[in-house]
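Take a look at the structure below.
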Amino acid sequence: EPIQAYRNMNILTPLVMDNRVFTSARSGRSQCFEIGRDDGQWTVNEVWNQKVQGYMSSPVSDGNTIFLHSNSERLTALDAQSGEILWTGRPMGKYQSLVGNDETVLALNSGGELLAVESNRDRLNIIDRAKVANDSWAYLGIFEGGLLVRDLKSLRVYRH
6 EPIQAYRNMN ILTPLVMDNR VFTSARSGRS QCFEIGRDDG QWTVNEVWNQ
56 KVQGYMSSPV SDGNTIFLHS NSERLTALDA QSGEILWTGR PMGKYQSLVG
106 NDETVLALNS GGELLAVESN RDRLNIIDRA KVANDSWAYL GIFEGGLLVR
156 DLKSLRVYRH
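Heads up, the sequence shown is in my numbering, so the first residue is 6 and it goes up one at a time.
Right, here's the structure in full:
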């Protein structure tokens, strides 16, 4: 199954989950593929596809749920096994850099607001939020003890 894309661009980084690869494209679909080997030959089979369209923001997963910033500017949760849309939040900016673990997703939006979102399959739950930059379209950098945030005029280091 070909991956549909806007002007032949696939900007987000595909998400690898065990033997599956998830990707999404603006003007396309979200798709999950299973990668395998059969008699020494690689196989790629589409497991599911979904109407939700990602664009530039790379998705994250806690293993069961995929969190994707869609081209409708909304954070969306998808079931990793079936592709079912679990919930869709309200518009939160044209871009969001996402990083996450099993408990929390950090989302830095294009307006420079950093959101701590509970890794929750039932609903969007914003745990905390803080203004950390201005006009930020860069990937959020995480390191032990803090994070890096870049906007158009600066690079900021936040430590906890």
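Beta carbons: idealized from backbone N, C-alpha and C, even for Gly.
Can you check DSSP and say which residues form a bridge with aspartate 43?
-> The secondary-structure analysis by DSSP pairs aspartate 43 across a beta bridge with Gln46.
Quick one: Cα of alanine 135 to Cα of arginine 42, how far?
-> For alanine 135 and arginine 42, the distance between alpha carbons rounds to 46 Å.
Does the distance from the C-beta atom of glycine 98 to that of serine 115 stay below 7 Å?
-> Yes; because the gap between Cβ atoms is below 7 Å, this pair is in contact.
Could you work out which residue in Ile40, Asp44, Leu83, Pro64 is closest to lysine 56 when comparing CA atoms only?
-> Nearest C-alpha to lysine 56: Leu83.
Secondary structure of glycine 116, DSSP reduced to three states = The DSSP-derived three-state label of glycine 116 is coil.
Kindly indicate the opening and closing residues of the beta strand (DSSP E) around methionine 22.
-> Where methionine 22 is concerned, the enclosing beta strand (DSSP E) stretches over 20-22.
If we ignore side chains and look at the alpha-carbon of each, how far apart do asparagine 125 and glutamate 78 end up?
-> Looking at the two C-alpha atoms, the distance is approximately 19 Å.
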